[in-house]
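> Mind looking over this structure? Questions follow.
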Amino acid sequence: CKCEMKNILHVLNVPFVISYFLGDQLLYMREKGYNEYIICSSSSSLADLSSRYLFYYKEIGIYRKFSILADIKAVIQICNYIKYHDMDIVNGHTPKAGMLAMFAAFVMRVPKRIYFRHGLLYETSTGIKRYIFVFAEKMASLLATDVVCVSPYLIEKSLKDGLSPKKKMILLNRGSCNGVDAMGQFNPNKIDHVKLEALKRKYGIDENAWVIGYTGRIVKDKGIIELVEAYKILKRQYLNLYLLLVGPEEERDRLPDDVMSLIHNDERIILTGLVDQKIEYYYALMNILVLASYREGFGTSIIEASAMRLPVLTTSHTGCRDAILEEKTGLFITHDPLMIASTIETLIGDLELVKKLGRNGRLFVERNFERHLIWREIEKLYL
């Protein structure tokens with residue numbers, strides 16, 4: 002059957018996102034009979050990822066910055082790869098890689114061209130950058146046969162800003178691009194407490210600690226400055242309070258030097274750097290997750306935290322709003338550090354509320370975002 006032998010190509014900027022956007026979905030599709038290929042920029046981690054997820058790959062320079070010569074070269078290389086492997090489906094992820102992928106697939110007459118809209122970079126951009134990002138979104142959408150939006154918010158925003166026609170846009174169940182492994186990896190009942198205690202010792206977290214958690218890139222867009230300010234307000238009163246920041250620092254949209262200095266020098270602020278395996282143990286260290294994001298397509302960390310029975314505090318004006326049920330699985334916050342601190346303090350003083358939000362959160366994820374629910378939706382799209 003031809004549908005069982007389809008060749009599927011994913012085009013991405015960097016290997017870092019492979020585990021998050023795709024991960025075990027690649028193994029699932031392989032078991033279904035699909036051949037999975039990935040194109041992204043060169044990295045020493047690609048070989049390991051290929052071995053772990055069983056995909057073929059090609060290293061092509063797809064950079065975040067726009068460059069006419071470099072981008073034309075990348076499109077030609079993508080076209081050649083599509084032709085050589087006779088691709089049936091091409092998926093483009095993120096605006097820059099997505100636009101190049103959709104252009105190459107259109108030129109090569111690939112019948113199924115899917116652009117995954119994970120978020121909108123232009124929401125926090127100004128000047129010429131904003132126009133470039135909007136142009137990339139519109140071009141990727143124009144050349145695609147389907148546009149997968151990872152949240153209802155993104156569909157609403159795309160229509161409002163004229164990025165895509167409604168008939169092209171698709172939502173996978175209630176949102177996300179890959180779901181969450183709520184039954185396996187992100188299952189609090191499967192945490193090895195010996196390993197958890199070892200992790201606590203590694204980071205010097207006291208037995209009676211109350212841990213405010215965050216996972217993601219350490220950048221301004223994620224509301225890290227406001228979260229650190231909220232922590233500073235609370236730390237004077239709560240001597241057992243810790244702030245756990247799980248994720249890599251980045252140059253683009255980097256935090257101010259004074260904020261980074263405070264993070265590195267406060268003994269109760271823990272900055273882990275990139276964690277690409279066993280991240281569930283870091284959620285298990287937390288009492289709550291806070292994502293005070295200015296720009297978010299959906300908020301994968303929210304459903305991961307909810308699967309681990311953590312209450313979530315997040316903003317209501319981004320795609321984060323689609324990852325929680327307000328006052329049932331989490332609470333909405335603004336970007337005011339005082340308001341964030343006050344909401345955290347409410348949870349510190351109400352253990353029953355923390356437990357209730359956590360329980361409801363896990364049920365919400367199991368019913369709507371368990372990864373096989375999302376994978377089956379993607380497979381329907383492929384067919």
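Under the numbering used here, the final residue of the sequence shown carries the number 384; numbering is consecutive throughout.
The beta carbon of each residue, even a glycine, is placed where N, CA and C say it ideally should be.
Note that this is a predicted model, so its numbers are computed, not measured.
1) Excluding five sequence neighbours on each side, which residues of the same chain lie with their C-beta closer than 7 Å to the C-beta of I299?
2) Does the distance from the C-beta atom of Q78 to that of I90 stay below 8 Å?
3) Using C-beta distances below 8 Å, list every residue in its chain close to N361, excluding the 5 sequence neighbours before and after it, in chain order.
4) By the 10 Å Cβ neighbour count, where 16 or more other Cβ atoms means buried, how is V12 classified, buried or exposed?
5) Considering only the beta carbon of each residue, do G224 and Y283 sit closer than 8 Å?
6) With 16 other CB atoms within 10 Å as the buried threshold, where does M88 fall?
7) Need the endpoints of the beta strand (DSSP E) that K113 sits in, please.
8) Excluding five sequence neighbours on each side, which residues of the same chain lie with their C-beta closer than 6 Å to the C-beta of A102?
9) From E305 to Y132, what does the alpha carbon distance come to, in whole angstroms?
10) Given that a residue counts as buried once 16 or more other Cβ atoms are within 10 Å of its Cβ, and exposed if not, what is C4?
11) Which residues does DSSP pair with I40 in a beta bridge?
12) Give a yes or no on whether the C-beta atoms belonging to L311 and G359 are separated by under 8 Å.
13) Excluding the 5 residues flanking L290 on each side, which residues of the same chain have their C-beta closer than 6 Å to its C-beta?
14) In its own chain, which residues sit with a C-beta less than 6 Å from the C-beta of I264, not counting the 5 before and 5 after it?
15) Alpha carbon to alpha carbon, how far is V366 from K203?
According to the data block:
1) The question names Ile, but residue 299 in the sequence shown is Phe. Closer than 7 Å at Cβ, skipping near neighbours: V151, S152, G176, S177, G320, D323, A324.
2) When the beta-carbon positions are compared, Q78 and I90 stay at least 8 Å from each other.
3) Cβ within range, chain order: L326, K329, T330.
4) Buried, because 16 or more other Cβ atoms sit within 10 Å of the Cβ of V12.
5) For G224 and Y283, no; Cβs fall outside 8 Å.
6) It counts as buried.
7) Counting along the chain, the unbroken beta strand (DSSP E) around K113 starts and ends at 113-118.
8) Around A102: V12, V91, G93.
9) Taking the CA atoms as reference points, E305 sits about 33 Å from Y132.
10) Residue placement at C4 cannot be trusted, given a pLDDT of 46 that sits under 50; what the coordinates show is reported in the next sentence. C4 comes out exposed.
11) I40 pairs with V12, K59.
12) Judged by beta-carbon spacing, G359 lies within the 8 Å limit of L311, meaning their Cβ atoms are closer than that value.
13) So the qualifying residues of the chain are G214, A306, L311, V313.
14) Within the same chain, I264 has close Cβ partners I270, L272.
15) V366 and K203: Cα-Cα distance of roughly 30 Å.
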